[in-house]
Amino acid sequence: MLLQEKETGNLVEVLDIQLLIDPNEETISAKDQAGQEEQDPEKFAKTNLVFPSGEALPQCWVDANYRTR
Numbered sequence: 335m336l337l338q339e340k341e342t343g344n345l346v347e348v349l350d351i352q353l354l355i356d357p358n359e360e361t362i363s364a365k366d367q368a369g370q371e372e373q374d375p376e377k378f379a380k381t382n383l384v385f386p387s388g389e390a391l392p393q394c395w396v397d398a399n400y401r402t403r
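Sequential numbering of the sequence shown, starting at 335, is according to our numbering.
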């Protein structure tokens, strides 16, 4: 799955979808897709990621207490 980094606009390839949808995880491992060579995995904060369309990640993926607010 590809997501977009808010600050740079670069696409990142998510390596573990389970970590992405787990609201208790604040970061995920992903590979930056900028450049021509395959990049090493890096940690990205989920708060700095959006879908390539610009839409925010679902609240249930980033906030474990989303139902109580």
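Glycine included, each C-beta is placed from N, C-alpha and C at the ideal position.
| Asked | Found |
| --- | --- |
| How would you write the range of the alpha helix (DSSP H) that L345 sits in, first residue to last? | Element bounds for L345: not the alpha helix (DSSP H) but the beta strand (DSSP E), L345 to V348. |
| Which runs of the beta strand (DSSP E) fall wholly inside the region 345 to 387 and span at least 3 residues, in chain order? | 345 to 348, 361 to 366 and 375 to 379 |
| So if DSSP puts L337 in a beta bridge, which residue, or which two residues, is it bridged to? | V346 |
| Measuring CA to CA, which of Q373, A368 and I355 is closest to E339? | A368 |
| Is it right to say L336 is buried, meaning 16 or more other beta carbons lie within 10 angstroms of its own, or is it exposed? | exposed |
| Whole angstroms is fine: what's the gap from I362's alpha carbon to T402's? | 24 Å |
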